[in-house]
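A.B. asks: Residue numbering for the sequence shown follows the working numbering, beginning at 77 and increasing consecutively.
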Amino acid sequence: MKYPWIDDYLMHKRGVTRDLQMEWNWIRYQIGGKMFAAILLDDQNQPYYINLKLEPLEGELMRSQYPDIIPGYYSNKHHWNSVKADGDIPDDMLRHWLDRSYSLVLKAFSKQKQREILGLTVCGKDCSICPLHGTCRGCSNGQAPNGNRCPIFACCNRQCLTTCASCVQIPCEIWQAVREPSITDEAFPSSISDRIAALRSAGLMPPCK
Ligand code: SF4
Ligand code: SF4
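Quick look at the structure:
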C-alpha cells in the first residue's frame, strides 16, 4: 500500500476506535460507533481499497477528476467512495478526504454527543484530564465546575455552535473573563492557548499558518 501513514493518522483523531470486521475483512475506523473510514483487505490481507465518505456532489466531482477513486466498494455508492490503495491519489488529497469523512460522520451527531466523542468542552477543556471527570454535571452541559452557568457554553449555544472553534472571535472577551478560580494570572494565557490547541487538534479549527 502506498499510504503507510494512514492507520496512525486516523488513530490520532480524537474519539476514534478501530476493529477488524471479520466477515468483510475490513479494518474499520469509527467514531461514536459509526464508521467513517475502512481499509479493505484482500485474501492475502493486503489493503486494496480505502473507503471514505464524502458529500455526494463532492464525491461525484472527485471521481470524475481522479481515476483512482471510484464509487464505494461494498457500500452505499451515493455517499461512499473507494480509493485504490496502490493508486496515484496524492497523500495530501487523501488526508483531506479522510478529514472530510471524519467531519461528516461527526457532524451527524448532536452537538452534545460530538463533544462527548471528542472528550472536549465548548472551550476545548479536555475532560480526560479534568479532576471532575466522571463526577461532574458537565461544563459541556453549561454547568461550570463551580456550579454556575457557564457563559462560554451559553454563548456557543446561542450561536448554535458545537464549540468555540467555529467562532471568529475566539478567544473573545468572555474567554478572558471566565477562568477556573485555581488558575493563576501567569498560567491563564497558557490555559487559553492549550484549549485552542486542543480544539485545533480535534480538526475543529484551521491549522496555524
Ligand atoms: S467539568 Fe466535566 S465536562 Fe467540564 S471538563 Fe471537567 S469532566 Fe469535562
Ligand atoms: S463569542 Fe466567545 S464564547 Fe461565544 S462562541 Fe465565540 S469564542 Fe465562544
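Heads up, the beta-carbon is just placed ideally off N, CA and C, and yes, glycines get one too. Remember, predicted model here, so these are calculated numbers, not experimental data.
Can you tell me whether G214 sits near ligand 1, meaning its C-beta is under 6 Å from at least one heavy atom of the ligand?
C.D. replies: Within the sequence shown, numbered from 1, the residue matching residue 214 stands at position 138. Indeed, a heavy atom of ligand 1 lies less than 6 Å from the Cβ.
A.B. asks: For Y149 and L116, which I take to be in contact (beta-carbon distance under 8 Å), what is that distance rounded to the nearest angstrom?
C.D. replies: Your numbering for residue 149 matches position 73 in the sequence shown. Your numbering for residue 116 matches position 40 in the sequence shown. Confirmed, about 6 Å.
A.B. asks: Should R94 and Y105 be called a contact, given that it needs their Cβ atoms to be closer than 7 Å?
C.D. replies: Here the question's residue 94 lines up with position 18 in the sequence shown. Here the question's residue 105 lines up with position 29 in the sequence shown. Yes, the Cβ-Cβ distance between R94 and Y105 is below 7 Å.
A.B. asks: Starting from V92, trace the beta strand (DSSP E) both ways and give me its first and last residue.
C.D. replies: Along the sequence shown, one-based indexing puts residue 92 at 16. From DSSP, the beta strand (DSSP E) with V92 extends over 92 to 97.
A.B. asks: For G195, which residues of its own chain have a beta-carbon under 8 Å away from its beta-carbon, when the five flanking residues on both sides are left out?
C.D. replies: The count along the sequence shown starts at 1 and reaches residue 195 at position 119. Within the same chain, G195 has close Cβ partners R90, G91, D202, C203, S204.
A.B. asks: Between D164 and D144, is the Cβ-Cβ spacing less than 7 Å?
C.D. replies: As a first step, residue 164 is located in the sequence shown; it is residue number 88 there, counting from the start. As a first step, residue 144 is located in the sequence shown; it is residue number 68 there, counting from the start. Yes. Within cutoff.
A.B. asks: Which class does S258 belong to by DSSP, given the choice of helix, strand or coil?
C.D. replies: For the purposes of this step, residue 258 is identified with residue 182 of the sequence shown, where counting begins at 1. Note: S258 maps to coil in three-state DSSP.
A.B. asks: DSSP three-state call for I246: helix, strand or coil?
C.D. replies: Here residue 246 refers to the residue found at position 170 when the sequence shown is read from its first residue. Coil at I246, not helix or strand.
A.B. asks: For K110, which three-state DSSP category applies?
C.D. replies: The sequence position of residue 110 within the sequence shown is 34, counting from 1. Assigned with DSSP and collapsed to three states, K110 falls in strand.
A.B. asks: Quick one: residues with CB closer than 6 Å to any heavy atom of ligand 2, in chain order, please.
C.D. replies: I228, C231, C232, Q235, L237, C240, C243, Q245, I246, C248, I250, W251
A.B. asks: Would you mind listing the alpha helix (DSSP H) stretches within the segment 188 to 247 that are 4+ residues and don't spill past its ends, in chain order?
C.D. replies: 227 to 234
A.B. asks: Taking 6 Å as the cut-off, is the CB of L196 close to at least one heavy atom of ligand 1?
C.D. replies: Your numbering for residue 196 matches position 120 in the sequence shown. Checking the Cβ of L196 against ligand 1 gives no.
A.B. asks: Mapping the DSSP letters down to three states, classify Y32 as helix, strand or coil.
C.D. replies: Since the displayed the chain opens at 77 and closes at 285, residue 32 lies outside it and no answer follows.
A.B. asks: Around the Cβ of K129, are there at least 16 other Cβ atoms within 10 angstroms (buried) or fewer (exposed)?
C.D. replies: Residue mapping note: residue 129 aligns to position 53 of the sequence shown, counting from 1. Looking at its Cβ environment, which holds 16 or more other Cβ atoms inside 10 Å, K129 is buried.
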